[in-house]
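Asker: So the number in the numbering used here is just where the residue sits in the sequence shown, counting from 1, plus 6. Don't be surprised by glycine CBs; every beta carbon is placed ideally from N, CA and C.
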Amino acid sequence: MKKLLVTMLLVAATAATAHAGLRVVGKGDAMRLDPSGFPPAMKANYEIMRVKCVKCHTLERTIVAIQTGVAPISGQPFDRNATKAYGIKMLRKPDSNMNKAEVKASVDLMNYLLSEAEK
């Protein structure tokens, strides 16, 4: 029992610090990121994502995927390969209204956020 408790505490401590690089504001549908600590290029990319991606889903879906490493709807791993695949998917969706540059900016941002979440 003692060993289980120690293991659970270690897992909880690791989980609490694993995403220290991301600043999340709000909850649920109002969840967003605080981009104040982002490099200038990533701030611009965040604005694209904040405007374009929310036409189809909340930012919560993206933030949870980045925080957990799991896509909330599919349950598949959310990593750099997944961000590229989602980018291609968005280019193919007629309702996304995203061009190649906007998709690249969003993918670059998600990859940056994945790196920050690992810190």
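#1: Bridge partners of P83, per DSSP?
#2: Out of curiosity, what's the CA-to-CA distance linking V31 and S42?
#3: How many whole angstroms separate the CB atoms of P78 and V70, which I take to be in contact at a CB cut-off of 8 Å?
#4: Rounded C-beta distance between S3 and G93? I'm assuming under 8 Å.
#5: Per DSSP, which residues does R98 bridge with? Please list them.
#6: Nearest CA to the CA of L28: which residue from A91, E66, V57, C62?
#7: What residue from C62, G81, Y118, G34 has the CA that sits closest to M48's CA?
#8: On the three-state DSSP scale, how would you describe L65?
#9: Quick check on E161: buried or exposed, where buried means 16 or more other Cβ atoms within 10 Å of its Cβ?
Answerer: In brief:
#1: V76
#2: 12 Å
#3: 5 Å
#4: Nothing in the structure corresponds to residue 3, since the chain is present only between 7 and 125.
#5: DSSP lists no partner for R98.
#6: E66
#7: Y118
#8: helix
#9: Past the boundaries of the shown model lies residue 161; the chain is included only from 7 to 125, so the question cannot be answered.
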